[in-house]
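The C-terminal position of the sequence shown is numbered 1305 in the working numbering, with every residue numbered one higher than the one before it. To start, the structure under review is shown below, and the notes come after it.
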Amino acid sequence: MASRSPVVWHKSLRRLPLFNFSSVLDRVRLKETPKKVYKIFLEGFVHDLYTAFIDVLNICLNFCPDCGSPVVGQKKSYTGSMATYVLHCHNGCTVRWNSQPKVDREPLGNILIAAAILFTGLTFKRMSDWAAALKLKFISQTSIQKSILWPVVGEAWREQKRAIREMKARRGAIMLGGDVRCDSPGHNALYGTYTLMDIRPNAPNIIVSMELLHSSEVKNSHHLEPEGLRRCLQDVIAKKVKIGTLATDQHLIVGKMMREDFPKIDHQLDAWHCSKNLTKKLTAKAKTKGCEALMQWIRAISNHLWYSASTCKKKTLSYSSK
984 MASRSPVVWH KSLRRLPLFN FSSVLDRVRL KETPKKVYKI FLEGFVHDLY TAFIDVLNIC
1044 LNFCPDCGSP VVGQKKSYTG SMATYVLHCH NGCTVRWNSQ PKVDREPLGN ILIAAAILFT
1104 GLTFKRMSDW AAALKLKFIS QTSIQKSILW PVVGEAWREQ KRAIREMKAR RGAIMLGGDV
1164 RCDSPGHNAL YGTYTLMDIR PNAPNIIVSM ELLHSSEVKN SHHLEPEGLR RCLQDVIAKK
1224 VKIGTLATDQ HLIVGKMMRE DFPKIDHQLD AWHCSKNLTK KLTAKAKTKG CEALMQWIRA
1284 ISNHLWYSAS TCKKKTLSYS SK
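Written as structure tokens, this is what we have:
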């Protein structure tokens, strides 16, 4: 059992994508960012959507939407998931009809597809294959990345940076939670992204710093986490933001680095990782001969660990006594 009282921090750190924000997103210029698109990403979309077959659309568009006379000619094209019809009617009208509304000249359906892929954690390849199996018109990967996702994520990153500047102006010490995400599990990772998030109670979960590392920059992939944390801390310190408490997992190299290189920062352990590691060890022990009765107590022990961590008020003696 660790001697420090664990701190519970935001689990969304474990779902962050591998984006090199600091080097790429700063180059996405503000004039390229569709503000309305960003608003849609933040507020969501409340209307229901339906799938329409092309034959049904052709029947609906046999008459002019303006005057009601028969259509004598039509030309259709596609922009991702949006169908566009140019209709010529018997009375001489020329009407352009889109199957979707547009936001800053971008079809709204394409925006929502990009948002759905990003927020659900699915890959473009899987969604594209799904659409191809249905013969459903779909947006291209280039359009999703260049026209929609990167400008919107860039705007979100700029908002985070503005929040960091406001945090600096308040001059108070902040509480950070940190974790790494690698491109593959185990000890063969090629890339790793370390993220520091502000986890103070009742404070917005601001991403204070992020660092993307390649395994060639460190001794081996096991050192991606401590080196990523080191760079993030140096970045935060360079911004003159005071760090009061840092919560991480139980990585041994991280603990040693914090004691030797950052002794002024109160290093705490994440309760989620503590509970996970304890449960793993108890489960392995319960599978040995003569310890089978331990299995039924594992959940209660894990819950008690969480209770002790959440009620000790950062006091080691109080945590140990519980």
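Glycine included, C-beta positions come from ideal geometry on N, C-alpha and C. What you are looking at is a predicted structure, and each value in this text was computed from that prediction instead of being measured.
Asked                                                                                                                                      : Found
Distance CB(Leu1179)-CB(Gly1161) smaller than 8 angstroms                                                                                  : yes
For Glu1194, the residue or residues it bridges with in DSSP                                                                               : Tyr1177
Cys1050 classed as buried or exposed, judged by whether at least 16 other C-beta atoms fall within 10 angstroms                            : exposed
C-alpha distance - Leu1091 paired with Ala1099, whole-angstrom precision                                                                   : 12 angstroms
Proximity of Val1078 and Cys1043 at Cβ, strictly below 8 angstroms                                                                         : no
Euclidean distance between Cα positions of Ile1281 and Trp1255                                                                             : 15 angstroms
In chain order, each alpha helix (DSSP H) run of at least 4 residues that lies wholly inside the stretch 1073-1097                         : none
Residue nearest to Gly1075 in terms of C-alpha spacing, selected from Val1224, Ile1248, Gly1063, Gln1057                                   : Gln1057
The stretch 1193-1202 touching the stretch 1223-1237, judged by at least three CB pairs closer than 8 angstroms                            : no
Close-in-space but distant-in-sequence residues of the same chain around Met1241 (CB under 6 angstroms, 5 per side omitted)                : His1250
C-alpha distance - His1287 paired with Asp1232, whole-angstrom precision                                                                   : 19 angstroms
Buried versus exposed call for Leu1119 [16 or more other C-beta atoms within 10 Å across all chains shown]                                 : exposed
Residue burial classification, Ala1115 (beta-carbon count within 10 angstroms, cutoff 16)                                                  : exposed
8 angstroms Cβ shell around Lys1268 - same chain, five flanking residues per side excluded                                                 : Cys1274, Leu1277
Secondary structure, alpha helix (DSSP H): runs of 4+ residues fully inside the stretch 1229-1282                                          : 1235-1244, 1254-1269
Contacts around Val1219, its chain only, beta-carbon distance under 7 angstroms, and the 5 residues preceding and following it disregarded : Leu1179, Val1191, Ser1192, Ile1226
Residues of its chain near Phe1245, where Cβ-Cβ distance is below 7 angstroms and the 5 sequence neighbours each way are ignored           : Leu1216
Limits of the unbroken beta strand (DSSP E) element including Ile1157                                                                      : 1157-1165
Cα-Cα separation between Trp1080 and Ser1060, rounded to whole angstroms                                                                   : 11 angstroms
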